[in-house]
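>
Chains as they are written, first to last, in this note's numbering: chain A, 1 to 508; chain B, 1001 to 1142.
And the structure:
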């Protein structure tokens, strides 16, 4: 990518990184307690919560991986992102109200805290904390890896630094994220998310309009693609070009699996007034939908530009976004979009360093009946430790971390979704059922994803699925099934005991 | 009643979805698509029910269910008919169903219904008063 030839892109990236550091300094002065550090003092308003939720949910995948996937597999890939239109409503109706009200009656900073309150089970909350840590390593490692690759491309470090280029680029990105996440905790996290989210939405809308302009409009692009030999009509057939199990599996995992994403659920603890949940689906769903426009726009424009010969066929589908941005949008907008991609990656990364830190110094010790004395201090230490560990791991074991990153969403969804979604709404769900469901979701997903995608060990069997089946869809269904079966088996004689305050919240 | 139906659907659909992933039955794909589209709606119905009933939210939830299931069936029926089938809104009908029906329509339906019914069904003032009273009583009890 000849980005160095475009000074506006380099300068926009530098200004963006500097602004993030300034927000970090500002937030550090407002972070005085563990409550400030982990849930921003529970004093965040609607717009900040909405945009922080959106930007934490959307990583760089929406800007680079998504359009690349649409270039390679057509509109079926959109089933990954189109559930965003109602997942915010799903979250609010099914879990958000109770999460926020529980955070008002108990000291709740994390999802494992909720699991402990609801089920009074250290085993269940310990398993939830383990799932959070496992997913965090994958998600965070993948974000830091992508951050390094993008910084390397923008600043052109490959030439002068040679084989050390990626390490230095990752270190630079890591330094910025660790600085503001350590100094300002979640206060810095949500306010950088607000800035980053605004940037992402603006960039996505502008690029979508440029994509329509470059392709001559929606229908001309669609007809060009459908009538071409290279892509063909199947490219625009949502259930025709890939197995239904894959397309609908995407929909299941990315709709229902959202109920277990800690980086999104975490934001509900921070809302200053539960009545502000009223507008969260509109703000989160609306901004997510606007962001997805970049995926659709580039995903359709690039194939049509390739067909008409204005772009060379891509060797790597992930080149779809960079190629389009470098060739078909003004340089300043290109700079803003690259900053938007940096923003998307960093906003997801900062959420995960905070959540991983909480799992390490708060949730896991509690699962063993212990409590860390100075959570604010040790939380900051854990942020540095987790971020550096994930970065080193990502640098040394790039393939493995990429693999972990791809199935982190499924791990969270399958492990935490059922115990929260059903358990917070149905009193009969027992602690044993929750623990079994969390263990099943995490274990089945890790094993199946590894067997389905691994190239490390020859001779290991592939899972015996039908064509196109997603391991995450299987593990999500398995986790829900186990929850219902174990609830039926263990809760028939005596309904589980629930603490009075939790019961009051569940009845509302 | 609505809550029981939702729970029953979830309890039966979960193992069925699990099994379908492994079984090469002729109707497996269609059944999978139908169950998957109904799953989030059942979760919402389970969560919003008060004393087992979804009340006036029943109609919008039924609308969402019909919309999603109708879109799934439409996309399945239109498979392989991009060039010779009808186009709508600049896209082949199946793609239009996906983008306008599954993506954009639920945004308006879900977000607006949630906002418009929030004060009466999601979180009522009397709910907050009840919770506040509970917290005050707990504080008084030490």
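No residue lacks a Cβ here, since even glycine has one placed at the ideal position from N, Cα and C.
All values derive from a computational prediction rather than experimental measurement.
Tell me, please, whether the CB atom of residue 228 (chain A) is closer than 8 Å to any CB atom in chain B?
Residue numbering aside, residue 228 (chain A) sits at position 228 when the first chain is read from its first letter. Answer no: the Cβ-Cβ gap between residue 228 (chain A) and chain B never drops below 8 Å.
> So, helix, strand or coil for residue 231 (chain A), using DSSP?
Reading the first chain from its first residue, position 231 is the one you call residue 231 (chain A). DSSP places residue 231 (chain A) in coil when its eight states are reduced to three.
> Cα separation between residue 1108 (chain B) and residue 455 (chain A)?
Translated into positions along the second chain, residue 1108 (chain B) becomes position 108. Translated into positions along the first chain, residue 455 (chain A) becomes position 455. Between residue 1108 (chain B) and residue 455 (chain A), the C-alpha separation is close to 44 Å.
> Closest by CA to residue 186 (chain A), which one among A:61, A:37 and A:96?
Counting from one through the first chain, the residue named residue 186 (chain A) turns up at place 186. Comparing Cα positions, the closest option is A:37.
> With a CB to CB cut of under 8 Å and the five nearest residues on each side skipped, what residues in its chain are close to residue 198 (chain A)?
The residue given as residue 198 (chain A) occupies position 198 in the first chain. 51.
> Could you check if residue 357 (chain A) is buried or exposed, using at least 16 other CB atoms within 10 Å of its CB as the buried criterion?
If you number the first chain from 1, residue 357 (chain A) lands on position 357. Residue 357 (chain A) should be labelled buried.
> Here's a check: name, in chain order, each residue in its chain whose Cβ is nearer than 8 Å to the Cβ of residue 1138 (chain B), leaving out the five neighbours to either side.
Residue mapping note: residue 1138 (chain B) aligns to position 138 of the second chain, counting from 1. Nothing listed; no residue qualifies.
> Whether or not the region 1116-1132 of chain B and the region 274-284 of chain A are in contact is what I'm after, with contact meaning three or more pairs of Cβ atoms, one per stretch, closer than 8 Å; do they touch?
As far as the Cβ criterion goes, the region 274-284 of chain A touches the region 1116-1132 of chain B, which means the pair count is three or higher.
> With a Cβ-Cβ cutoff of 8 Å, do residue 472 (chain A) and residue 135 (chain A) count as a contact?
As a working mapping, residue 472 (chain A) is identified with position 472 in the first chain. As a working mapping, residue 135 (chain A) is identified with position 135 in the first chain. It is not a contact, given that the beta carbons lie outside the stated cut-off.
> Output the distance between the C-alpha atoms of residue 19 (chain A) and residue 155 (chain A), rounded to the nearest integer angstrom.
Counting from 1 along the first chain, the entry for residue 19 (chain A) is found at position 19. Counting from 1 along the first chain, the entry for residue 155 (chain A) is found at position 155. Answer to the nearest angstrom: the Cα atoms are 17 Å apart.
> The alpha helix (DSSP H) with residue 39 (chain A) in it runs from where to where?
The sequence position of residue 39 (chain A) within the first chain is 39, counting from 1. Note, residue 39 (chain A): alpha helix (DSSP H), 34-39.
> Please list the residues of the region 1087-1108 of chain B that have a C-beta atom closer than 9 Å to any C-beta atom in chain A, keeping them in chain order.
Result list: 1087, 1089, 1090, 1091, 1092, 1094, 1095, 1097, 1098, 1099, 1102, 1103, 1104, 1105, 1106, 1107 and 1108.
> Less than 8 Å between CB atoms is the rule here; does residue 56 (chain A) satisfy it with respect to chain B?
To locate residue 56 (chain A), count along the first chain from 1; it is residue 56. Output row for residue 56 (chain A): interface = no.
> Is there at least one Cβ from chain B nearer than 8 Å to residue 1 (chain A)'s Cβ?
Stepping through the first chain from its first residue, residue 1 (chain A) is reached at position 1. Since pLDDT at residue 1 (chain A) reaches only 49, below the 50 mark, its modelled position is unreliable, and the value read off the structure follows with that caveat. So, not an interface residue.
> Name, please, each residue of chain B whose Cβ falls closer than 9 Å to the Cβ of residue 131 (chain A).
If you number the first chain from 1, residue 131 (chain A) lands on position 131. Within chain B, no residue comes near residue 131 (chain A); the closest Cβ sits about 19 Å away, beyond 9 Å.
> Judging by CA-CA distance, which residue of A:86, A:7, A:298 and A:107 is the nearest neighbour of residue 1041 (chain B)?
If you number the second chain from 1, residue 1041 (chain B) lands on position 41. Looking at the Cα atoms, A:86 is the closest of the given residues.
> Using the DSSP secondary-structure output, state which residues sit across from residue 29 (chain A) in a beta bridge.
Within the first chain, numbered from 1, the residue matching residue 29 (chain A) stands at position 29. DSSP, once it has assigned bridges, lists no residue as partnering residue 29 (chain A).
> So for residue 328 (chain A), helix, strand or coil by DSSP?
Here residue 328 (chain A) refers to the residue found at position 328 when the first chain is read from its first residue. In this structure, residue 328 (chain A) counts as helix in the three-state DSSP scheme.
> Quick one: is residue 200 (chain A) buried, meaning 16 or more other Cβ sit within 10 Å of its Cβ, or exposed?
Along the first chain, one-based indexing puts residue 200 (chain A) at 200. Answer is buried; the Cβ neighbour count reaches 16.
> Just how far apart, CA to CA, sit residue 180 (chain A) and residue 137 (chain A)?
Within the first chain, numbered from 1, the residue matching residue 180 (chain A) stands at position 180. Within the first chain, numbered from 1, the residue matching residue 137 (chain A) stands at position 137. C-alpha separation (whole angstroms): 19 Å.
> Contact defined as beta carbons within less than 8 Å: I believe residue 307 (chain A) pairs with residue 231 (chain A). What is the distance between those atoms, to the nearest angstrom?
For the purposes of this step, residue 307 (chain A) is taken as the residue at position 307 of the first chain. For the purposes of this step, residue 231 (chain A) is taken as the residue at position 231 of the first chain. Contact flag correct, Cβ pair sits at about 7 Å.
> Taking Cβ positions only, does residue 164 (chain A) come closer than 8 Å to chain B?
Working through the first chain from its first residue, we reach residue 164 (chain A) at position 164. Not closer than 8 Å to any Cβ of chain B, the Cβ of residue 164 (chain A) fails to qualify, so no.
> Return the CA-CA distance between residue 1073 (chain B) and residue 370 (chain A), expressed in angstroms with no decimal places.
For this step, residue 1073 (chain B) is matched to residue 73 along the second chain. For this step, residue 370 (chain A) is matched to residue 370 along the first chain. Distance between the alpha carbons of residue 1073 (chain B) and residue 370 (chain A) is about 53 Å.
> Beta-carbon of residue 1046 (chain B) versus every beta-carbon of chain A: anything under 8 Å?
Residue 1046 (chain B) sits at position 46 when you count from the first residue of the second chain. So yes, residue 1046 (chain B) belongs to the interface.
> Pop quiz: residue 236 (chain A) and residue 222 (chain A) are said to be a contact at Cβ under 8 Å. What is the actual Cβ separation, rounded to whole angstroms?
Residue 236 (chain A) sits at position 236 when you count from the first residue of the first chain. Residue 222 (chain A) sits at position 222 when you count from the first residue of the first chain. Contact flag correct, Cβ pair sits at about 6 Å.
> Candidates A:396, A:372 and A:446: which alpha carbon is nearest residue 412 (chain A)'s?
In the first chain, counting from the first residue as 1, residue 412 (chain A) sits at position 412. Closest option to residue 412 (chain A), Cα to Cα, is A:446.
> From residue 23 (chain A) to residue 190 (chain A), what distance separates their C-alpha atoms?
Here residue 23 (chain A) refers to the residue found at position 23 of the first chain. Here residue 190 (chain A) refers to the residue found at position 190 of the first chain. If you take the alpha carbons of residue 23 (chain A) and residue 190 (chain A), they lie about 10 Å apart.
> Return the residue from the list B:1036, B:1021 and B:1121 that minimises the CA-CA distance to residue 1071 (chain B).
In the second chain, the residue the question calls residue 1071 (chain B) occupies position 71. Comparing Cα positions, the closest option is B:1036.
> Going by beta carbon distance, what residues of the same chain come within less than 6 Å of residue 332 (chain A), once the five residues before and after it are set aside?
In the first chain, the residue the question calls residue 332 (chain A) occupies position 332. Around residue 332 (chain A): 8.
> Report back the beta-carbon spacing between residue 1052 (chain B) and residue 1096 (chain B) to the nearest angstrom; my notes put them in contact at under 8 Å.
Here residue 1052 (chain B) refers to the residue found at position 52 of the second chain. Here residue 1096 (chain B) refers to the residue found at position 96 of the second chain. That belief does not hold up - the Cβ atoms of residue 1052 (chain B) and residue 1096 (chain B) are roughly 38 Å apart, past 8 Å.
> Mind pulling the chain C residues with CB within less than 9 Å of residue 219 (chain A)?
Protein chains A and B are contained in the structure displayed, whereas chain C is not.
> With a threshold of 8 Å between beta carbons, is residue 1139 (chain B) in contact with chain A?
What you label residue 1139 (chain B) is simply residue 139 of the second chain in a count that begins at 1. For residue 1139 (chain B), the answer is no, since every Cβ of chain A falls outside 8 Å of its Cβ.
> Within 10 angstroms of its Cβ, does residue 373 (chain A) collect 16 or more other Cβ (buried), or is it exposed?
Locating residue 373 (chain A) in the first chain gives position 373, where the first residue counts as 1. Residue 373 (chain A) comes out exposed.
> Is residue 200 (chain A) helix, strand or coil by DSSP?
Position 200 of the first chain, counted from the start, is the residue given in the question as residue 200 (chain A). If DSSP states are grouped into helix, strand and coil, residue 200 (chain A) belongs with the helices.
> Compare the C-beta of residue 77 (chain A) with all C-beta atoms of chain B and state if any pair is closer than 8 Å.
On the first chain, position 77 is the one that residue 77 (chain A) refers to. So no, residue 77 (chain A) is outside the interface.
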